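Undergrad: Take a look at this one; I'll ask things after.
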Amino acid sequence: MSLIELETISKRFGAVQALQDTNLTIDVGEVVGIVGHNGAGKSTLMNVLAGTLPPDSGRILVGGEDVTRGYVVREANALGIRCIFQELSLCPNLRVFENVRLMHPKIRGPGWRGKARRLIRGMLDTVFPGHGIDTDVPVGNLTIDQRQMVETARAFTVTDTPLQVIILDEPTASLSGEVAAQLLSHVRRVAAEGLACVFVSHRLAEVLGNTDRVVVMRDGTDVSSGPSAELDMDRLVENMGVESATPPAGTGAAAQPGYTPSEGRASSAVRVRAPVGDPATMVEAREGEVVGLAGLAGHGQREFLLRLFAAATTARRGSSVQGSVAYVSGDREKEGLFPLWSIGRNLTIGLLSRLARRGLIDRTAERRVAEQWRERIAIRTPDVRQPMLSLSGGNQQKVLVARAFATAADVVLFDDPLRGVDVGTKRELFRHVRTQASQGSTFVWYTTENDELYHCDRTYVFYNGRITDCIERHELSESRLLKASFSEAGAAPASEPGRAG
């Protein structure tokens, strides 16, 4: 008998059939991976298991007992089932330890604050050694990766109810490679002790390397399942229904099918020029170039992008940005979305001046533009008039990318924009980036996923607010990136932006 059995689960949201007769089993101590393209139904199925969404039909069995009727979050938690949500469930106005008490209401009475602090600090130290998070600050003051760590650590805390199943929905999407490795190591430890884990991720290498079995979902149903040891990335992608996603081999992306470098098309005109750390150390990006920013998260890449964005409208000492600028944030919840607006309005907000006629928005033109980009970026919705929150997390991120592309900005600043986006969509967006670059757009692209850097003409590696290496695309390698990410080496001189110092 399996610990968890979801039988023929179906769920519809208006015109969207999110789940259709989907099945899932989970055994004690098993780590099950769930993969699929954006909108395949992964998060919806996890919400059904977590008790946050009731199924339209089907059965939920825990230990062989049918618990479908009246199955809500409180019932799920009482059975030891918890979820680490892709769209975080923390209250931003409450402090970290106060958010812990929301999950554990029995922490009360005199001294409850100390108990809550000790509980979350202990778990943060266990899962994420060296995290550096102050548990007395409001959650809203934390960075997105810190919020993800708090959400994750809180889910693993135990007081009176033992854990049986923990659901991790894109838990590493906001984390650096080092921190993600800490989490995955903890998952394997607790699974060895008998905790069942469900791991939902678009990072297929992580899924294959850290699960016992992988379930592939497509268009709202499960299409295949098999032991992780017997699968490879190409087979997973084939089952997902998208083209091969084998990462570039060797030291560059030249061998990748369909890759067209922007070398030879880049103009000599410098669009972006700004110092990093030492005023003599410059990051440069020319017209038609795609320039990457790499290194461990939190070492100044995001601050640099924000400084560039500010320099586009306000004079900044030593920095210059020529032309119009669009900024795509990886923290869509705080900096990207208008959650109460429609999909179309979110997509076209940067085009209001072009869509206005005598001071009024041309709604027909607005919808036409939104529909064009819905088709180009393959945003999975039947109607752009649907609410923004009707989309999956990955499709929400697509809207932000489409918003930037629709403005035809001269310079596009990417702040880890493909977080939570499936592998097939990533490849399509890479093609759009190359197309835009061939037409003269300049991209400055910060990413925490090294595979994405193979699509850049040049990569600057950050460490402690300084540049430790500048790597041309044909010289890029994992070992060189890692070395520079932990290095205090000198930066590339301003006169030679393509060479390491």
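Counting in this note's numbering, the sequence shown runs from 837 upward without gaps. Cβ coordinates follow ideal geometry from the N, Cα and C atoms, glycine included. Keep in mind that this is a model prediction, so the values were computed, not measured.
#1: My understanding is that L855 touches I920, with C-beta atoms under 8 Å, so please give their C-beta distance in whole angstroms.
#2: A1130 lies in the alpha helix (DSSP H); which residues open and close that run?
#3: Check R848 in the structure and name its three-state DSSP category.
#4: How big is the Cα-Cα spacing for V1205 and V908?
#5: Out of I840, I870 and R1143, state which residue places its alpha-carbon closest to the alpha-carbon of G1062.
#6: At 4 residues or longer, and completely inside the stretch 891–971: list those alpha helix (DSSP H) runs for me, N to C.
#7: For V994, is the classification buried or exposed, using 16 other Cβ atoms within 10 angstroms of its Cβ as the cut-off for buried?
#8: Under 9 Å between the Cβ atoms of A1017 and V868?
#9: Rounded to the nearest angstrom, how far is the Cβ of G865 from that of G1045, given a contact under 8 Å?
#10: Starting from the C-beta of S1156, find all residues in its chain whose C-beta is less than 6 Å away, skip the five residues before and the five after it, and write them out in chain order.
#11: Ignore the nearest five residues each way along the sequence and tell me which others in K847's own chain have a CB closer than 7 Å to its CB.
#12: Check the DSSP bridge columns for P1223 and list the partner residues they point to.
#13: Which first and last residues belong to the alpha helix (DSSP H) in which R1168 is found?
#14: Considering just the uninterrupted stretch of the alpha helix (DSSP H) at F1298, what are its terminal residues?
#15: What does the alpha-carbon distance come out to for the pair R1024 and A1065?
#16: Given W1177, which residues of its chain have a CB within under 7 Å of its CB, disregarding the five upstream and five downstream residues?
#17: Are there 16 or more other CB atoms within 10 angstroms of the CB of N977, so buried, or fewer, so exposed?
#18: Would you decide whether T1271 is buried or exposed? Buried here means 16 or more other CB atoms lie within 10 Å of its CB.
#19: Have a look at Y1282 and P1115 and give me their C-alpha separation to the nearest angstrom.
#20: So, do the stretch 1244–1258 and the stretch 940–955 have three or more beta carbon pairs nearer to each other than 8 Å?
#21: According to the neighbour-count rule (16 or more other Cβ atoms, all chains shown, within 10 Å of its Cβ), is N929 buried or exposed?
#22: Given a cut-off of 9 Å on the beta-carbon distance, is the pair V986 and N935 in contact?
#23: I want to know whether the stretch 1288–1295 touches the stretch 1306–1326 - three or more CB-CB distances under 8 Å.
#24: Grouping DSSP H, G and I as helix and E and B as strand, with all else coil, what is I870?
#25: DSSP three-state label for V1259, please.
#26: Quick one: what does DSSP say T1057 is sitting in, helix, strand or coil?
#27: When DSSP labels each residue in this structure, what does F1241 get in the three-state scheme?
#28: Would you be able to state if there are at least three C-beta pairs under 8 Å between the stretch 1183–1194 and the stretch 1143–1153?
#29: Buried or exposed: which applies to E1419, given that a residue is buried once 16 or more other Cβ atoms fall within 10 Å of its Cβ?
#30: Cutting at 6 Å between CB atoms, please list the residues of its own chain near K1262, excluding the five before and the five after it.
#31: Taking the straight line between their C-alpha atoms, what separation do you get for A1320 and G1131?
#32: Going by DSSP, what residues sit across from P1111 in a beta bridge?
#33: Using the beta-carbon count (16 or more within 10 Å), is N1182 buried or exposed?
#34: Give a yes or no on whether the C-beta atoms belonging to G1229 and H873 are separated by under 9 Å.
#35: Skipping 5 residues on each side, what residues in its chain have a beta carbon closer than 6 Å to that of T1184?
#36: Report the CB separation of V1257 from H1038 in whole angstroms; it is logged as a contact under 8 Å.
TA: For this structure:
#1: By one-based count along the sequence shown, residue 855 stands at place 19. By one-based count along the sequence shown, residue 920 stands at place 84. Actually they are not in contact, since the Cβ atoms of L855 and I920 sit about 20 Å apart, beyond 8 Å.
#2: Against the sequence shown, residue 1130 aligns to sequence position 294. Premise fails: A1130 lies in the beta strand (DSSP E), V1126 to A1130, not in any alpha helix (DSSP H).
#3: Position 12 of the sequence shown, counting from 1, holds the residue named residue 848. Three-state result, R848: strand.
#4: The residue labelled residue 1205 in the question sits at position 369 within the sequence shown. The residue labelled residue 908 in the question sits at position 72 within the sequence shown. If you take the alpha carbons of V1205 and V908, they lie about 40 Å apart.
#5: What you label residue 1062 is simply residue 226 of the sequence shown in a count that begins at 1. Residue I870 is the option with its Cα nearest to G1062.
#6: 909–914, 932–939 and 948–963
#7: For the purposes of this step, residue 994 is taken as the residue at position 158 of the sequence shown. V994 is exposed by the Cβ-count criterion.
#8: As a position in the sequence shown, residue 1017 is number 181, starting the count at 1. As a position in the sequence shown, residue 868 is number 32, starting the count at 1. Cβ distance not < 9 Å, so A1017 and V868 don't count as in contact.
#9: For the purposes of this step, residue 865 is taken as residue 29 along the sequence shown, with counting starting at 1. For the purposes of this step, residue 1045 is taken as residue 209 along the sequence shown, with counting starting at 1. Not a contact, Cβ separation roughly 18 Å.
#10: As a first step, residue 1156 must be located in the sequence shown, where it is residue number 320. Once the five neighbours on either side are set aside, the close Cβ partners of S1156 are R1109.
#11: Indexing the sequence shown from 1 puts residue 847 at position 11. So the list reads A854, L855, T880, V884, L889, P891 and D892, once near-sequence residues are dropped.
#12: Reading the sequence shown from its first residue, position 387 is the one you call residue 1223. S1178.
#13: Sequence index remark: in the sequence shown, residue 1168 carries index 332 (1-based). From DSSP, the alpha helix (DSSP H) with R1168 extends over R1168 to E1171.
#14: Along the sequence shown, one-based indexing puts residue 1298 at 462. First-last for F1298: R1294 to Y1299, but that is the beta strand (DSSP E), not the alpha helix (DSSP H).
#15: Position 188 of the sequence shown holds residue 1024. Position 229 of the sequence shown holds residue 1065. Approximately 15 Å, taken between the alpha carbons.
#16: Residue 1177 sits at position 341 when you count from the first residue of the sequence shown. So the qualifying residues of the chain are M1224.
#17: Taking the sequence shown and counting its residues from 1, the one referred to as residue 977 is at position 141. Looking at its Cβ environment, which holds fewer than 16 other Cβ atoms inside 10 Å, N977 is exposed.
#18: Here the question's residue 1271 lines up with position 435 in the sequence shown. That one is exposed.
#19: Walking along the sequence shown from the start, residue 1282 turns up at place 446. Walking along the sequence shown from the start, residue 1115 turns up at place 279. When rounded, the distance between both Cα atoms is 21 Å.
#20: no
#21: The residue given as residue 929 occupies position 93 in the sequence shown. Exposed is the call here.
#22: Sequence index remark: in the sequence shown, residue 986 carries index 150 (1-based). Sequence index remark: in the sequence shown, residue 935 carries index 99 (1-based). Yes, these two residues count as a Cβ contact at 9 Å.
#23: yes
#24: On the sequence shown, residue 870 is found 34 positions in, with the first residue counted as 1. Looking at I870 - three-state DSSP - the assignment turns out to be strand.
#25: For the purposes of this step, residue 1259 is taken as the residue at position 423 of the sequence shown. Residue state, collapsed to three classes: helix.
#26: Taking the sequence shown and counting its residues from 1, one reaches residue 1057 at position 221. Strand at T1057.
#27: As a working mapping, residue 1241 is identified with position 405 in the sequence shown. If DSSP states are grouped into helix, strand and coil, F1241 belongs with the helices.
#28: no
#29: Missing from the structure shown is residue 1419; the chain here goes from 837 to 1337 and no further.
#30: Indexing the sequence shown from 1 puts residue 1262 at position 426. Result list for K1262: L1254, in chain order.
#31: Against the sequence shown, residue 1320 aligns to sequence position 484. Against the sequence shown, residue 1131 aligns to sequence position 295. The alpha-carbon atoms of A1320 and G1131 are separated by roughly 7 Å.
#32: Position 275 of the sequence shown, counted from the first residue, corresponds to residue 1111. P1111 pairs with M1118.
#33: Reading the sequence shown from its first residue, position 346 is the one you call residue 1182. Result: buried.
#34: For the purposes of this step, residue 1229 is taken as the residue at position 393 of the sequence shown. For the purposes of this step, residue 873 is taken as the residue at position 37 of the sequence shown. Cβ atoms of G1229 and H873: not closer than 9 Å.
#35: What you label residue 1184 is simply residue 348 of the sequence shown in a count that begins at 1. The answer, listed in chain order, is E1202, V1205 and A1206.
#36: If you number the sequence shown from 1, residue 1257 lands on position 421. If you number the sequence shown from 1, residue 1038 lands on position 202. So it is a contact: roughly 7 Å between Cβ atoms.
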